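Engineer: Per our numbering, the sequence shown starts with residue 14, numbered consecutively. Just so it is clear, CB atoms sit at the ideal spot from N, CA and C, and this is done for glycine as well. Note that this is a predicted model, so its numbers are computed, not measured. Mind looking over this structure? Questions follow.
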Amino acid sequence: MIVFVVNCGSSSIKYQLFDMTDESVLARGLLERVGQSGSVLHHRSNETTHEIEVDAPNHTVGLKIILDTLVDPKIGVLKNIEEIEGVGHRVVHGGEQIRESTLIDENVIKVIKDNASLAPLHNPPNLAGIEAAMSALSNVPQVAVFDTAFLATLPPRAYRYAVPRQWYEKYRVRRYGFHGTSHRYVTLRAAEILGKSVEEVNLITAHLGNGCSMTAVAGGKAIDHSMGLTPLEGLVMGTRSGDIDPAVIFYMARTAGMSLDEIDTTLNKKSGLLGLSGVSNDMRDCVEAAKKGNTDAALAMEVFSYRVAKYIGAYFAILPGCDAIIMTGGIGENSLPIRLRICQLLSNIGVIPDEKRNEEAIRKVGLITADDSKIPVWIIPTNEELMIARDTRDVVKQMAVK
Ligand code: ADP
Numbered sequence: 014m015i016v017f018v019v020n021c022g023s024s025s026i027k028y029q030l031f032d033m034t035d036e037s038v039l040a041r042g043l044l045e046r047v048g049q050s051g052s053v054l055h056h057r058s059n060e061t062t063h064e065i066e067v068d069a070p071n072h073t074v075g076l077k078i079i080l081d082t083l084v085d086p087k088i089g090v091l092k093n094i095e096e097i098e099g100v101g102h103r104v105v106h107g108g109e110q111i112r113e114s115t116l117i118d119e120n121v122i123k124v125i126k127d128n129a130s131l132a133p134l135h136n137p138p139n140l141a142g143i144e145a146a147m148s149a150l151s152n153v154p155q156v157a158v159f160d161t162a163f164l165a166t167l168p169p170r171a172y173r174y175a176v177p178r179q180w181y182e183k184y185r186v187r188r189y190g191f192h193g194t195s196h197r198y199v200t201l202r203a204a205e206i207l208g209k210s211v212e213e214v215n216l217i218t219a220h221l222g223n224g225c226s227m228t229a230v231a232g233g234k235a236i237d238h239s240m241g242l243t244p245l246e247g248l249v250m251g252t253r254s255g256d257i258d259p260a261v262i263f264y265m266a267r268t269a270g271m272s273l274d275e276i277d278t279t280l281n282k283k284s285g286l287l288g289l290s291g292v293s294n295d296m297r298d299c300v301e302a303a304k305k306g307n308t309d310a311a312l313a314m315e316v317f318s319y320r321v322a323k324y325i326g327a328y329f330a331i332l333p334g335c336d337a338i339i340m341t342g343g344i345g346e347n348s349l350p351i352r353l354r355i356c357q358l359l360s361n362i363g364v365i366p367d368e369k370r371n372e373e374a375i376r377k378v379g380l381i382t383a384d385d386s387k388i389p390v391w392i393i394p395t396n397e398e399l400m401i402a403r404d405t406r407d408v409v410k411q412m413a414v415k
């Protein structure tokens, strides 16, 4: 079965084409600057990357360009676009209504629209991608895979904020969580690696990329998570602050005269590693600057690692047990000093890092703790696109059974 996976942002379309007989990637790419001048398609197939200047005024035209490229006689990988048997869409927010990957119908489209106010930067472009794919591949089942779905199992004590009940009932103010597809993928992989069934596995999974989040997983199900109503809550991120006292917002409005929009932009785009270091939102740059003696960059690394360790400690306390801590995402998969520092900060709960193992596990599965570490820490590279492709295959197969 050939499955096409689409991830639409406001000005981009990321895609991967899978052959699900062996889960191989036939082609992948990124169309940038959709709706702007100078759109560029970066298309990779047969181990070659092609950069093609195109005119993509909107997502519908953009998707058509990508589909045409997939059947292009020279750089394409399909003879006919009808070889595609399912399209999987990444959708950020399914609200409280959606708990698993779903065939897209009118009701699902309504849910995506209803939740657009909770994910204004993501749900509208996700929907634009769905509409574009539905018109270009009208006979092919379209499946929505929601970032929030894996976190739909959070119990009320984890998802409710201690604010007036009406805020939840009328405005749906609660913790939703994000990166669910990544947390689910590493949970399934971890169960395989640890030789347990998913239902028996207890984990702390940390997705440390540009955005960072952590999930407490009990018996294969998410029971707590660090991101909240929006992805701003929780860990320190590339440009997001993560947890702060909410009173900082009123204080800065009143004493510095900042507008709500300015504070919103500052906490989402100018804080985190960038805000603390004054150097960059990119961990690599912070590590380099710290090596050269930049104390702000060193502090950014320390605040980042400390916050991760603090959340791990909290999740360790609420889980019924912890078979492993999993790190993934760009920083989790690559950043040796940060992984090492987090493990060192966890010595009180018996984590013992192994520096040699840490150096070996780069962008691949690997244990980075010593054999006598009380809790093992594993690196598991995430693969959200493959998770979306698998869900799409499963939903399409179920349709055939019905
Ligand atoms: P996104 O959340 O946008 O998908 P990624 O998961 O790619 O982002 O993570 C981006 C982060 O990963 C950046 O902070 C970057 O510095 C870090 N990163 C990527 N590669 C490396 C590397 N080789 N060494 C250290 N950090 C890395």
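Just to be sure I understand the criterion: a residue counts if its Cβ is closer than 6 Å to at least one heavy atom of the ligand ADP. Which residues meet that?
Structural biologist: Those residues are GLY222, ASN223, GLY224, GLY251, ASP295, MET296, ARG297, GLY342, GLY343, ILE344, ASN347 and SER348, given in chain order.
Engineer: How close, in whole Å, do the beta carbons of VAL214 and GLY233 come, if the pair is a contact with beta carbons under 8 Å?
Structural biologist: Stepping through the sequence shown from its first residue, residue 214 is reached at position 201. Stepping through the sequence shown from its first residue, residue 233 is reached at position 220. Right, their Cβ atoms sit about 6 Å apart.
Engineer: Can you have a look at GLN29 and say buried or exposed, based on whether 16 or more other CB atoms are within 10 angstroms of its CB?
Structural biologist: Residue 29 sits at position 16 when you count from the first residue of the sequence shown. With 16 or more other Cβ atoms within 10 Å, it is buried.
Engineer: Skipping 5 residues on each side, what residues in its chain have a beta carbon closer than 8 Å to that of ILE111?
Structural biologist: Within the sequence shown, the letter at position 98 stands for residue 111. VAL121, VAL124, ALA157, PHE159, THR161, ALA162 and ALA165, listed in sequence order.
Engineer: Quick one: give me the first and last residue of the alpha helix (DSSP H) that HIS106 is part of.
Structural biologist: Counted from its first residue, the sequence shown places residue 106 at position 93. Premise fails: HIS106 is in no alpha helix (DSSP H) and is neither H nor E.
Engineer: Identify whether GLY222 lies in helix, strand or coil by the three-state DSSP scheme.
Structural biologist: Within the sequence shown, numbered from 1, the residue matching residue 222 stands at position 209. GLY222 falls in the coil class under three-state DSSP.
Engineer: Between GLY343, GLU372, CYS356 and SER52, which lies nearest to ILE365 when the distance is taken from Cα to Cα?
Structural biologist: Here residue 365 is taken as the residue at index 352 of the sequence shown, counted from 1. Checked all of GLY343, GLU372, CYS356 and SER52; the closest Cα to ILE365 is CYS356.
Engineer: Return the bridge partner residues of HIS63 from the DSSP annotation.
Structural biologist: Position 50 of the sequence shown, counted from the start, is the residue given in the question as residue 63. Bridge partners of HIS63: HIS56.
Engineer: Can you check which of these residues, ALA204, TYR181, PRO86 and ARG297, is closest to LEU242 by C-alpha distance?
Structural biologist: As a first step, residue 242 is located in the sequence shown; it is residue number 229 there, counting from the start. The candidate whose alpha carbon is nearest that of LEU242 is TYR181.
Engineer: If you run the structure through DSSP and keep just helix, strand and coil, what is PRO366?
Structural biologist: Here residue 366 corresponds to residue number 353 of the sequence shown, with the count starting at 1. In this structure, PRO366 counts as strand in the three-state DSSP scheme.
Engineer: By alpha-carbon positions, which one of ILE331, ASP256, VAL67 and LYS209 ends up nearest to ILE78?
Structural biologist: Residue 78 sits at position 65 when you count from the first residue of the sequence shown. Here the closest residue by C-alpha is VAL67.
Engineer: Within its chain, find whatever has a CB closer than 8 Å to the CB of GLY51; leave out the 5 residues flanking it on each side and keep chain order.
Structural biologist: Position 38 of the sequence shown, counted from the first residue, corresponds to residue 51. Cβ within range, chain order: GLU66.
Engineer: Leaving aside the five residues before and after ALA132 along the sequence, list all residues of the same chain whose C-beta is less than 7 Å from its C-beta, in chain order.
Structural biologist: One-based indexing of the sequence shown puts residue 132 at position 119. Within the same chain, ALA132 has close Cβ partners VAL105 and HIS106.
Engineer: At 4 residues or longer, and completely inside the stretch 142 to 223: list those alpha helix (DSSP H) runs for me, N to C.
Structural biologist: Counting whole runs of 4 or more residues, the stretch 142 to 223 contains the alpha helix (DSSP H) stretches 169 to 172, 178 to 184 and 193 to 207.
Engineer: Tell me, please, which residues DSSP counts as bridged to ALA229.
Structural biologist: Here residue 229 corresponds to residue number 216 of the sequence shown, with the count starting at 1. DSSP lists ILE217 and ASP237 as partners of ALA229.
Engineer: For the candidate residues VAL211, SER284, GLY42 and ARG403, whose alpha-carbon lies nearest to that of GLU64?
Structural biologist: In the sequence shown, the residue the question calls residue 64 occupies position 51. Nearest option by C-alpha distance: GLY42.
Engineer: Could you spell out where the beta strand (DSSP E) holding GLY42 opens and where it closes?
Structural biologist: In the sequence shown, residue 42 corresponds to position 29, counting from 1. It spans 37 to 45 - the beta strand (DSSP E) in which GLY42 sits, taken as one unbroken run.
Engineer: Cα separation between LEU76 and ASP256?
Structural biologist: Within the sequence shown, the letter at position 63 stands for residue 76. Within the sequence shown, the letter at position 243 stands for residue 256. Rounded to whole angstroms, LEU76 to ASP256 spans 38 Å at the Cα level.
Engineer: Within the chosen definition, does the stretch 320 to 328 reach the stretch 174 to 190 through at least 3 CB pairs nearer than 8 Å?
Structural biologist: These segments do not touch.
Engineer: Answer yes or no: do PRO138 and SER23 have a C-beta to C-beta separation smaller than 9 Å?
Structural biologist: Within the sequence shown, numbered from 1, the residue matching residue 138 stands at position 125. Within the sequence shown, numbered from 1, the residue matching residue 23 stands at position 10. Yes, the pair counts as a contact, with Cβ atoms nearer than the cut-off.
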